[in-house]
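A short write-up of the structure that comes next.
Numbering (my numbering), first residue to last: 19 to 94.
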């Protein structure tokens with residue numbers, strides 16, 4: 019019997035980058051401050067080294083409003 023994997027959330031990197039630029043965040047550091055995260059966390063998620071967790075998702079939705087979950091993330 020094969021067991022299916024669970025779902026995960028992935029960042030839509032291009033959309034996230036465009037949203038950050040439109041919101042006038044000039045660096046990952048400035049964006050991370052607005053998201054209340056460490057800069058390294060933002061950098062690692064953007065580079066695909068780690069998956070976005072609840073704090074990242076919530077921070078992104080707050081800092082990049084009015085962007086929605088569907089604009090910035092995908093469930094795979």
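All C-beta atoms in this analysis are idealised placements derived from N, C-alpha and C, irrespective of residue type, glycine included.
Just so you know, these numbers come straight off a predicted model, no measurement behind them.
Point to revise | Status (buried if at least 16 other CB within 10 Å, exposed otherwise) for residue 72 | key: exposed
**Study point:** Opening and closing residue of the alpha helix (DSSP H) in which residue 91 lies
**Key:** Residue 91 -> not in any alpha helix (DSSP H); beta strand (DSSP E) instead, spanning 91-93.
Review point. Quick one: is the Cβ of residue 44 within less than 6 Å of any heavy atom of the ligand NAD?
Key: Among the ligands in the structure shown, none appear at all, so the ligand NAD cannot be discussed.
Exercise for review: Go through its chain and collect everything with a Cβ distance to residue 64's Cβ below 8 Å, but skip five positions before and after it.
Suggested key: 29, 31, 34, 35 and 46
Check your understanding: Quick one, are the C-beta atoms of residue 77 and residue 62 less than 7 Å apart?
Key -> no
Point to revise | One or two residues paired with residue 29 in a DSSP bridge | key: 91
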